[in-house]
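A.B. asks: This is the structure, below, for whatever I ask next.
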Amino acid sequence: MNFEKPETPVNSSPARSEPSRRFSVAPMMDWTDRHCRFFLRLLSKHALLYTEMVTTGALLNGDHERFLRHNEAEHPLALQLGGSVPADLAACARMAQEHGYDEVNLNVGCPSDRVQNNMIGACLMAHPVLVAECVKAMRDAVSIPVTVKHRIGINGRDSYAELCDFVGTVRDAGCTSFTVHARIAILEGLSPKENRDIPPLRYDVAAQLKADFPELEIILNGGIKTLEACHEHLQIFDGVMLGREAYHNPYVMAEVDQQLFGSTAPVISRAEALAQLRPYIAAHLDAGGSMHHITRHVLGLGTGFPGARKFRQLLSVDIHKAKEPLALLDQAAELLEGR
């Protein structure tokens, strides 16, 4: 298997059916890169995985092949875009389709100052007509699904009526799938990290949105940590999206296929997941990469058992001074035996 495949060849991917959004892993900056996604795919074959947010400027003016590169094993896979110029988003959506992505998603949820200054992210909730124009331009450009990820509001525009206006306007542009982070975003005075914790979760608002827009696919995001909670939310919503929990405690995904998708395949163990990742790591090393590029994403496998701290130390501290990184990986793998 060619683990370090440079990229999915342009225009070579077979036609794909629309991905299931019953369970997905959120786009997370600096975290959900291609190595992280390859690892998470070992734990669940059915979860929909998202890239980090990529801005239209990065794709149109930078090395777009680097940003779009992925391994075929990562599918089902969605590209999240940041931008607010319809023509630019349409061009980037075409790139996504040409590179084999299963979905393109528009970020209307990121609250950072940096993206606000470029009219990207949560600030767009104040401009539903512009978001609708962006969605229409992307839908006209590609045949893969175009979806939107947003908050339940922003400071100064946080009423339920304004949320319905946003969703209804974007729906009228043809969007049928909305991932709702069930917090408002405070655009001044809070950091992106604080915006993930301080505004209270309002699952009731998201649930009302689903009740009022029953024809739309509504995916719930924010604060979900267990598969038990997923089951509960799926009684109301069409899907659930996990973010930080899936990264810090990735083994939560090991039973997703069995519990949420009806798979009869055996649940993969921590040890098996790391063993299956080893050839990918070896190929990355052979290509001149650093093992830390990949193993920084697997530290969460070392959670909640004797030896877990040593596991994390080996792959986060000792790794930087190891002359034989694969030998260190094997040493860490021994700590997962039987787990």
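Residue numbers in the sequence shown follow full-length UniProt numbering, run continuously in steps of one, and reach 339 at the last position. Glycine included, C-beta positions come from ideal geometry on N, C-alpha and C. Remember, predicted model here, so these are calculated numbers, not experimental data.
#1: So what does Asn221 bridge to, in DSSP terms?
#2: Report buried or exposed for His320, applying the criterion of at least 16 other Cβ atoms within 10 angstroms of its Cβ.
#3: Helix, strand or coil for Lys149? Go by DSSP, reduced to three states.
#4: Just to confirm before moving on: does the CB-CB distance between Val180 and Asn155 stay below 8 Å?
#5: If Leu59 and Met95 are in contact, beta carbons under 8 Å, what's the gap, nearest whole angstrom?
#6: Which whole-angstrom value describes the C-beta separation of Met328 and Leu301, a residue pair presumed to lie in contact below a C-beta threshold of 8 Å?
#7: Quick check on Gly338: buried or exposed, where buried means 16 or more other Cβ atoms within 10 Å of its Cβ?
#8: Assess contact between the region 69-88 and the region 131-142, defined as three or more Cβ pairs (one per stretch) separated by less than 8 Å. Is contact present?
#9: When burial is assigned at 16 or more other CB atoms within 10 Å of the CB, is Thr264 buried or exposed?
#10: What are the boundary residues of the alpha helix (DSSP H) that includes Ala206?
#11: Quick check on Ala185: buried or exposed, where buried means 16 or more other Cβ atoms within 10 Å of its Cβ?
#12: Could you check if Arg66 is buried or exposed, using at least 16 other CB atoms within 10 Å of its CB as the buried criterion?
#13: Are the CB atoms of Thr147 and Cys92 nearer to each other than 8 Å?
#14: Taking 8 Å as the threshold, find out whether the region 247-264 comes into contact with the region 34-44 through three or more Cβ pairs.
#15: Are the beta-carbon atoms of Leu163 and Leu209 separated by less than 8 Å?
#16: I believe Arg151 touches Ala122 by the beta-carbon criterion, under 8 Å. Please report the beta-carbon distance rounded to the nearest angstrom.
#17: What residue range is occupied by the uninterrupted alpha helix (DSSP H) comprising Gly57?
#18: Measuring CB to CB, does Val267 end up less than 8 Å from Gln258?
#19: Quick one: give me the first and last residue of the beta strand (DSSP E) that Gly82 is part of.
#20: 8 Å is my cut-off, CB to CB: does Arg312 come that close to chain C?
#21: According to DSSP, simplified to helix, strand and coil, what is Arg157?
#22: Enumerate in chain order the residues of its own chain whose CB-to-CB distance from Gly153 is below 6 Å, with the five nearest sequence positions on each side excluded.
#23: So, using beta-carbon positions, are Gly239 and Ser17 closer together than 8 Å?
#24: Go through its chain and collect everything with a Cβ distance to Asp30's Cβ below 8 Å, but skip five positions before and after it.
#25: Taking its Cβ as the centre, do 16 or more other Cβ atoms sit within 10 Å of Arg309, making it buried, or is it exposed?
#26: Do you know how far the Cα of Ala26 is from the Cα of Asp165?
#27: Excluding sequence positions up to five away, which residues of its chain have a Cβ less than 6 Å from the Cβ of Thr295?
#28: What span of residues does the alpha helix (DSSP H) with Asn105 cover, start to end?
#29: Given a cut-off of 8 Å, decide if Glu74 and Arg21 are closer than it, judged by their beta-carbon atoms.
#30: Please name the residue or residues paired with Leu329 in a DSSP beta bridge.
#31: What residues match up with Tyr50 in a beta bridge as DSSP calls it?
#32: Quick one: what's got a C-beta closer than 7 Å to His293's C-beta in the same chain, skipping five residues either side?
#33: Give the straight-line distance between the Cα atoms of Leu187 and Ala206, rounded to the nearest whole angstrom.
#34: Sorted by chain position, which residues of the same chain lie with C-beta nearer than 7 Å to Asp318's C-beta, five sequence neighbours on each side aside?
#35: To which residues of the same chain is His64 closer than 7 Å at the C-beta, ignoring the five residues directly before and after it?
#36: Is Leu335 buried or exposed, if buried means 16 or more other CB atoms sit within 10 Å of its CB?
C.D. replies: Let me lay it out:
#1: According to DSSP, which records beta bridges pairwise, Asn221 is partnered with His181, Met241.
#2: Exposed.
#3: Of the three classes helix, strand and coil, the one that applies to Lys149 here is strand, per DSSP.
#4: No, the pair does not count as a contact, with Cβ atoms beyond the cut-off.
#5: Met95 and Leu59 do touch by the CB rule: their CB atoms are close to 6 Å apart, below 8 Å.
#6: Position check: residue 328 holds Leu in this sequence, whereas Met was assumed. About 15 Å separates the two Cβ atoms, so there is no contact after all.
#7: Classification of Gly338: exposed, given that the 10 Å Cβ count is below 16.
#8: Contact between the region 69-88 and the region 131-142 is present, because at least three Cβ pairs lie under 8 Å.
#9: Counting Cβ neighbours within 10 Å, Thr264 comes out exposed, since fewer than 16 surround it.
#10: For Ala206, the enclosing alpha helix (DSSP H) has its first and last residue at 203-212.
#11: By the neighbour-count rule (16 or more Cβ atoms within 10 Å), Ala185 is buried.
#12: Arg66 should be labelled exposed.
#13: No, the Cβ-Cβ distance between Thr147 and Cys92 is not below 8 Å.
#14: Yes, the region 247-264 touches the region 34-44.
#15: Against a cut-off of 8 Å, the Cβ pair of Leu209 and Leu163 comes out as a contact.
#16: Between Ala122 and Arg151 the Cβ distance is about 5 Å, and since that is below 8 Å, they are a contact.
#17: Counted as a single uninterrupted DSSP element, the alpha helix (DSSP H) harbouring Gly57 occupies residues 56-61.
#18: Yes.
#19: Annotation: the continuous beta strand (DSSP E) that includes Gly82 extends over 77-82.
#20: No chain C is present in this structure, which holds just one protein chain.
#21: Arg157 carries a strand assignment under DSSP once its states are collapsed to helix, strand and coil.
#22: Annotation for Gly153: Leu163, Ile184 place their beta carbon closer than 6 Å to its own, counting only its chain and skipping 5 residues before and after.
#23: No, the pair does not count as a contact, with Cβ atoms beyond the cut-off.
#24: So the list reads Glu52, once near-sequence residues are dropped.
#25: Counting the other Cβ atoms within 10 Å of the Cβ of Arg309 gives fewer than 16, which makes it exposed.
#26: When rounded, the distance between both Cα atoms is 25 Å.
#27: Excluding sequence neighbours, Thr295 sits near Leu315.
#28: For Asn105, there is no enclosing alpha helix (DSSP H); the enclosing beta strand (DSSP E) covers residues 103-108.
#29: At a Cβ-Cβ threshold of 8 Å, Arg21 and Glu74 do not count as neighbours.
#30: Beta-bridge pairing links Leu329 to no other residue.
#31: According to the DSSP secondary-structure assignment, Tyr50 is paired through a beta bridge with Ala78.
#32: Answer for His293: His35, His284, listed in chain order.
#33: Per the coordinates, the alpha-carbon of Leu187 lies some 20 Å from the alpha-carbon of Ala206.
#34: Same-chain partners within the cutoff: Leu328.
#35: Contacts found: Met95.
#36: A residue is called buried when at least 16 other Cβ atoms come within 10 angstroms of its Cβ; Leu335 meets this threshold and is buried.
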